[in-house]
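The structure appears below as structure tokens.
Residue numbers (the numbering used here): 7 to 190.
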């Protein structure tokens, strides 16, 4: 089988902000042993579409998680050597990275507009199935993560005036994901 990423210049890893959910966070922590503060960035912008995946630490502060970026904007887990880069966490990378450069639209796999891939390519049937599974897993993870964030936010707003630390949220999410993965 042809290595479809052999000509990759890792432009996506250098140009995109990689937003993550609790399941991505859990996989990275479990496999690297790193504390989330070493690789998670908290964004306070609330984009169009509301606060579905934003969590609050109190006092109308709404955040979402992404992987940190190096000084030049590259993902913190991108290992660059000469002209080619590779993902240091490839086996347990975030689901959004697993599905790139595709999305599911009405059940059909299609290329994302404005991708950074050096050339457009059409995956074979087995590759399409792998991308489909990755995107479906990401969607499932985000639905479960949304419910976790909603429960956290309901708890956090019941404590007016209390400011929570990001570590509290991270511990909560990691515990919730662990429970979710343990249940049949």
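Beta carbons are placed, not taken as given, at the ideal position from N, Cα and C, and that holds for glycine. These figures come from a predicted structure and were not determined experimentally.
Here residue 111 is exposed, its C-beta having fewer than 16 other C-beta atoms within 10 Å. Within the same chain, Cβ atoms closer than 6 Å to the Cβ of residue 175 are found at 61, the five residues on either side in sequence being excluded. Straight-line measurement puts the Cα of residue 95 at about 30 Å from the Cα of residue 67.
Boundaries of the alpha helix (DSSP H) around residue 146: 131-163. Between residue 190 and residue 48, the C-beta spacing is not below 7 Å. According to the DSSP secondary-structure assignment, residue 64 is paired through a beta bridge with 67.
Restricting attention to 20, 24, 139, 167, the CA atom closest to the CA of residue 85 is found in 20.
In the DSSP assignment, residue 84 falls within the unbroken beta strand (DSSP E) covering 84-87. In this structure, the CA atom of residue 165 is about 13 Å from the CA atom of residue 157. For residue 116, the enclosing beta strand (DSSP E) starts and ends at 114-117.
The C-beta of residue 132 has fewer than 16 other C-beta atoms within 10 Å across all chains shown, which makes the residue exposed. Between residue 71 and residue 26, the C-beta gap is smaller than 7 Å, which places the two residues in contact. By a beta-carbon distance limit of 8 Å, residue 154 contacts residue 179. Their separation comes to about 6 Å.
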